[in-house]
Each structure stands twice: as structure tokens, then as C-alpha cells.
Amino acid sequence: MNRNILKDPYGRHIDYLRLSVTDRCDLRCSYCMPKGFKDYREPWEWLRFDEVARVVAAFVDLGVSRVRLTGGEPLVRRHLPDLAGRLSAIRGLDDLSLSSNCTRMAAMADDLKQAGVQRLNVSLDTLDPDVFAEITGGRLHKVLDGIEAARQAGLDPIRINTVVTKGVNDQAIDRLLDYCAARGFALRLIETMPMGETGRDALDRFVDLQAVKRQLEQHYELVPDVLPGGGPARYYRLAGTDTRIGFITPLSQHFCETCNRVRLTVDGTLHMCLGHEHAYPLRERLRQGISDDALRNCLREALALKPERHEFRENPEKVVRFMSMTGG
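In the working numbering, each residue carries its 1-based index in the sequence shown increased by 201.
Encoded structure:
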């Protein structure tokens with residue numbers, strides 16, 4: 202097995218695959234999916250589980266060791282624990298994690314844990330039921346019940362992902378931090394990204410997380426820290442505690458120089474960067490019987506399209522895909 206050889210044109214080692222298993226979601230977050238959106242991929246367009254496993258195995262052969270299951274909302278994909286079990290059995294895949302809104306987690310947490318899912322990121326922008334309904338159209342109690350089920354099942358660490366939006370939840374960070382501290386979770390604050398029309402509209406309510414960090418430093422001593430995983434967050438620990446807070450800052454302080462990831466959509470399209478429209482289709486190649494060697498060569502070809510950095514600030518209109526279409 203050839204390891205540690207999948208590099209982009211700028212010498213960055215790619216060891217992290219974000220794998221979207223569906224473009225559908227049971228919530229309607231205003232910055233992610235337009236109201237009334239129905240332009241979903243048809244089921245025949247989705248990669249089948251055996252096709253997903255082939256692509257993941259090829260990536261692992263080339264040095265990828267981390268895979269995160271995403272959506273849309275991944276728990277709406279039927280039999281997801283079966284896929285997780287197949288992927289976790291791939292030799293060389295060291296870290297299988299999941300991003301979810303947790304509305305369906307209460308019924309699935311034990312099965313996912315037994316299938317090999319280790320870690321969980323949860324999208325949760327507020328602890329106010331009315332504000333939650335306004336942002337997502339959903340019910341907060343289902344999410345909180347799902348998070349608790351995941352904790353009881355042993356998924357660890359659990360990280361709460363919060364997109365900070367001016368006038369919506371920017372004054373509620375302390376409450377979320379207290380919630381996470383009481384349960385041993387990490388809180389990760391995220392800047393809005395101009396993904397598609399919904400994302401660009403959300404830029405009107407953009408919050409610079411550098412300013413949020415300075416405000417937090419008036420009340421807490423933030424000690425630089427790290428947490429396991431392949432993501433872009435910059436972490437700090439609240440001095441004297443085990444509580445961590447992370448900042449994901451694609452606009453105010455981009456992290457492109459350390460980018461180690463690519464994304465595979467539910468229809469088998471590889472995207473090398475959230476901030477570019479470059480794409481490399483795999484589905485038809487898989488269905489035409491491509492060999493394993495040829496598949497690995499395709500992955501190397503795709504990496505040649507990875508740009509040095511995104512251009513969210515310079516060209517916010519550049520990406521027309523919605524976030525839900527690409528995967529979190």
C-alpha cells in the first residue's frame with residue numbers, strides 16, 4: 202500500500218475526506234438551503250454504498266486516514282450505520298466521524314457507535330426554541346435529545362458547531378458556552394460563508410469572529426490548545442477548565458495554507474475547495490467499471506485542480522452551489 206503520497210499542486214498533504222451521503226435535510230437553515238428548494242439529486246444519481254466504499258478505499262490507499270460523513274443531513278440516508286460499518290472496516294482508515302443536526306440521532310446513536318463512528322459534530326446555533334425554529338424550521342428539543350443520546354452512546358468528542366449571525370445569535374454565545382462546559386463538549390464558532398445565493402444574503406449579517414474572540418477575552422483567559430481531527434478550527438481552552446472553544450474563520454483569517462481536505466458529493470463529484478467551482482466527476486467512471494489503479498489515478502488528477510486558496514472575500518459571487526449541495 203502506497204501511503205502519504207496524495208498531495209495537491211502546492212505540496213499540501215491531503216489526508217481528510219468529507220463524504221456527503223445525501224443532499225437532503227429535514228431542517229431549512231437560512232444560510233444553507235433556500236426556502237422551497239426542491240432541486241435534489243434523484244436516488245439513481247446517488248453513489249451506492251459499494252461505490253462509496255470503493256472511492257473511500259482508493260483514498261485510503263493514497264494516504265487519507267480521516268473520513269467525515271456529512272449531508273445535507275446524513276441521518277436521512279437510509280441504512281447509514283451499514284455504510285459506516287463498511288467504511289470503518291477499511292484498513293488504514295483511522296478516524297470515522299459524523300456531522301449531523303441530531304434531529305434523528307436519538308434512535309440511531311447506539312447503532313452508529315457500534316458501526317465505528319467515533320466523533321460527532323452537531324449544528325446548533327441557539328438554545329432558544331423560538332430562535333431555533335426561526336433559523337431552521339425545526340424543534341430544538343429533538344436536537345437536544347439527540348445530542349444526549351449520542352453522549353450516552355459514547356460518541357466522543359462531541360463538538361457543537363455554531364454559525365454566528367448578527368442580530369440572530371451573536372449575543373447568545375455565553376449561553377452556548379455554558380451548555381458545552383456542563384457536558385464536556387467543545388464549542389466551535391463559524392463565520393458565514395458566501396455559498397450560493399443564501400450564503401451571500403447571509404453576509405449582510407456577517408460577524409467577524411476576531412471581534413468575538415476579543416470580547417470573550419475580556420471574561421476568560423483563552424489558552425491556545427488543540428483537539429484531534431482534521432478540521433480547520435483554531436482551538437483555545439478556558440484557563441482552569443477543560444472547556445474548549447474553536448474558531449473557524451474562512452473570511453476574517455483564512456486557513457487555506459493548511460487545507461488538507463477534499464469533498465465528495467452524494468452524486469460522486471469531487472470538489473477540491475468550497476470556494477471554487479472546480480469539480481471532478483467519478484460516478485460514471487465507477488459505473489463503467491473503472492479499475493482500482495485507474496480510480497487512484499483519477500483521484501490524483503482531481504487533486505491537480507485544487508486551488509491555492511479560496512476567494513470568498515474577493516469574489517463572493519463565484520460559488521453558485523448551496524452548502525447543502527456540497528456537503529458540510
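Backbone N, C-alpha and C fix where the C-beta goes; we use that ideal spot for every residue, glycine too. No experiment lies behind these values; they were computed from the predicted model shown.
According to the neighbour-count rule (16 or more other Cβ atoms, all chains shown, within 10 Å of its Cβ), is residue i buried or exposed?
i: Arg-415; result: exposed
i: Trp-247; result: buried
i: Pro-244; result: exposed
i: Tyr-211; result: exposed
i: Ala-440; result: exposed
i: Pro-425; result: exposed
i: Glu-478; result: exposed
i: Val-427; result: exposed
i: Ala-334; result: exposed
i: Arg-501; result: exposed
i: Ser-195; result: The requested residue 195 does not occur in the structure, where the chain is confined to residues 202 to 529.
i: Thr-327; result: buried
i: Gly-385; result: exposed
i: Gly-338; result: exposed
i: Ala-376; result: The residue you asked about is not Ala; residue 376 is Arg in the sequence shown. Burial call: exposed.
If you draw a straight line from the C-alpha of residue i to the C-alpha of residue j, how long is it?
i: Leu-497; j: Phe-260; result: The question names Leu, but residue 497 is Arg in the sequence shown. About 7 Å.
i: Ala-354; j: Ala-310; result: 6 Å
i: Ile-336; j: Ser-231; result: 6 Å
i: His-214; j: Lys-507; result: 12 Å
i: Phe-250; j: Tyr-217; result: 19 Å
i: Gly-400; j: Thr-450; result: Low confidence applies to Gly-400: its pLDDT is 49, below 50, so where it sits in the model is not reliable enough to give any reading.
i: Cys-499; j: Arg-484; result: 12 Å
i: Arg-279; j: Gln-419; result: 46 Å
i: Leu-276; j: Thr-304; result: 9 Å
i: Ala-290; j: Asp-312; result: 15 Å
Leaving aside the five residues before and after residue i along the sequence, list all residues of the same chain whose C-beta is less than 7 Å from its C-beta, in chain order.
i: Phe-503; result: Just to set this straight, residue 503 is Ala in the shown sequence, not Phe. Here the set comprises Leu-471, Met-473, Tyr-481.
i: Arg-435; result: Gly-447, Phe-448
i: Gly-368; result: Arg-406
i: Asp-493; result: Ala-259
Suppose contacts are defined by Cβ-Cβ distances below 7 Å. Is residue i in contact with residue j by that definition?
i: Leu-270; j: Val-222; result: yes
i: Lys-314; j: Leu-345; result: no
i: Leu-220; j: Leu-465; result: yes
i: Gly-273; j: Cys-233; result: no
i: Leu-347; j: Met-306; result: Reading off the sequence, residue 347 comes out as Gly, not Leu. In this structure, Met-306 lies closer than 7 Å to Gly-347 by Cβ.
i: Arg-242; j: Val-467; result: yes
i: Leu-452; j: Glu-509; result: no
i: Ala-308; j: Gly-286; result: no
Can you give me the Cβ contacts of residue i inside the same chain, cut-off strictly under 8 Å, excluding the 5 residues immediately before and after it?
i: Ile-206; result: Leu-263, Gly-264
i: His-342; result: Pro-330
i: Leu-487; result: Leu-248, Glu-252, Arg-255, Val-256, Gly-469, Leu-496
i: Gln-319; result: Asp-296, Leu-297, Ser-298, Leu-356, Asp-357
i: Ala-387; result: Pro-358, Ile-359, Arg-360, Ile-361, Cys-381, Leu-428, Tyr-436, Thr-444, Arg-445, Ile-446, Gly-447
Give every residue of the same chain whose Cβ lies closer than 6 Å to the Cβ of residue i, excluding the five residues on either side of it in the sequence, and list them in chain order.
i: Gln-489; result: none
i: Gly-293; result: Val-261
i: Leu-390; result: Thr-363, Val-365, Leu-410, Phe-448
i: Asn-302; result: Leu-228, Glu-274, Ser-324
i: Pro-444; result: Per the sequence shown, the amino acid found at residue 444 is Thr instead of Pro. Ala-382, listed in sequence order.
i: Val-408; result: Val-365, Lys-367, Asp-371
Query raised in the report: Residue ranges of each beta strand (DSSP E) run of no fewer than 3 residues wholly in the region 303 to 362, ordered along the chain?
Result: 320 to 324
Requested in this report: Go through the region 445 to 495 residue by residue and report every complete run of the alpha helix (DSSP H) that reaches 4 residues or more, in order.
Outcome: Segments of the alpha helix (DSSP H) lying fully in the region 445 to 495: 484 to 488.
Requested in this report: For the region 229 to 282, list the alpha helix (DSSP H) runs that are entirely contained and at least 4 residues long, ordered along the chain.
Outcome: 250 to 262
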